[in-house]
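Enquirer: Handing you this structure, nothing more for now.
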Amino acid sequence: MSKPDLLVKKAPSQARAVETYERILAACVELLAEVGIERLSTNLICQRVGISPPALYQYFPNKYAILHELGTRLMQGQNELLLPWSVPATFELSEDAFAASVCDLFMQTLELTKLMPGGVWVTRALRAVPSLQDVRNGSHDQVTELLWQPFMVAHPKADPAQAKLTIRLSIDAMYAAQELLFDDNSLDPLAVARTMSEMVSAQFMRLRRPCC
């Protein structure tokens with residue numbers, strides 16, 4: 001099957017158009033939680049917003065393009081938390097201090113995702129819809145590069161390829177732990193965060209050891 005068109009047709013410029021654009025996104029979030037991904041449709045979104053399908057199609061070609069926009073916003077919001085953290089000094093911390101900083105970052109990301117409109121449901125959509133997985137994978141690639149560069153500045157003798165692989169796997173593991181918390185309310189978020197952070201920290205400490 002060919003992938004659906006995920007590009008926004010036209011970015012709104014006028015205030016009224018921006019309001020309609022944002023209402024479409026908000027309605028998608030509401031309906032996603034109410035009916036799920038499969039039953040979500042542009043017709044339902046139009047009914048919720050109170051606009052005609054042609055009005056929606058000015059901006060989005062299909063429901064997946066709307067979800068793509070929501071997913072991109074979510075990933076950008078999460079990644080912004082990393083900007084002050086991703087500096088060489090972070091990667092020079094002791095194992096315990098580094099684990100604590102990763103744990104804090106995990107909890108901040110978890111809270112931000114819960115607070116963002118439809119954050120949990122959009123996270124699920126990015127996992128469940130094959131055509132949307134590039135949003136998550138592309139974001140993780142960007143974050144890998146963002147973290148890899150300051151790590152190599154702090155530890156220039158580390159194996160660059162192994163460092164990049166470890167960072168990418170750590171990002172995916174932490175994201176999977178976040179998804180697990182959304183799927184299983186019986187788990188203690190702080191316990192999950194601490195366990196994952198200790199595992200990630202141990203791997204980073206291995207990277208820092210000189211190769212034999």
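As numbered in our numbering, the sequence shown has no gaps in its residue numbers, which increase by one up to the final residue, 212. Glycine residues also receive a C-beta, built at the ideal position from the N, C-alpha and C atoms. Bear in mind the structure is a predicted one, so any value in this text is a computation, not a measurement.
1. Rank 74, 30, 166 and 103 by C-alpha distance to the C-alpha of residue 126 and give the top, closest one.
2. Please work out which residues of its chain come closer than 7 Å, Cβ to Cβ, to residue 61, disregarding the five sequence neighbours upstream and downstream, and give them in chain order.
3. Using the three-state DSSP reduction, which class does residue 212 fall into: helix, strand or coil?
4. Compare the C-alpha of residue 182 against each of 123, 23, 164 and 163 and name the closest.
5. Taking the alpha carbon of residue 206 as the reference point, which residue from 155, 196 and 180 has its own alpha carbon closest?
6. Looking at residue 70: is its Cβ nearer than 8 Å to the Cβ of residue 40?
7. Which full runs of the alpha helix (DSSP H) of 4+ residues lie inside the segment 21-54, going along the chain?
8. State buried or exposed for residue 89, treating a residue as buried only when at least 16 other CB atoms are found within 10 Å of its CB.
9. Give me, in chain order, the residues of the same chain whose beta-carbon lies closer than 7 Å to that of residue 171; leave out the 5 immediate sequence neighbours on both sides.
10. According to the Cβ coordinates, are residue 33 and residue 118 closer than 8 Å?
11. Pairing CB atoms from the segment 145-154 with CB atoms from the segment 82-98, are three or more of them under 8 Å?
Expert: According to the data block:
1. Residue 126 has its Cα closest to that of 74, out of 74, 30, 166 and 103.
2. Only residues of its own chain outside the window of five on either side were considered, and among them 5 and 9 have a CB closer than 7 Å to the CB of residue 61, listed in chain order.
3. Low local confidence applies: a pLDDT of 49 at residue 212 is under 50, so the model's placement there is unreliable, with the coordinate-based value given in what follows. Of the three classes helix, strand and coil, the one that applies to residue 212 here is coil, per DSSP.
4. Distances from the CA of residue 182 to each of 123, 23, 164 and 163 were compared; the closest alpha carbon is that of 123.
5. Checking every option, the nearest Cα to that of residue 206 belongs to 155.
6. No; because the gap between Cβ atoms is not below 8 Å, this pair is not in contact.
7. Complete alpha helix (DSSP H) runs here, min 4: 42-49.
8. That one is exposed.
9. Cβ neighbours of residue 171 beyond the five flanking positions: 140, 143 and 144.
10. Yes, Cβ-Cβ distance for residue 33 and residue 118 is below 8 Å.
11. Yes, they touch.
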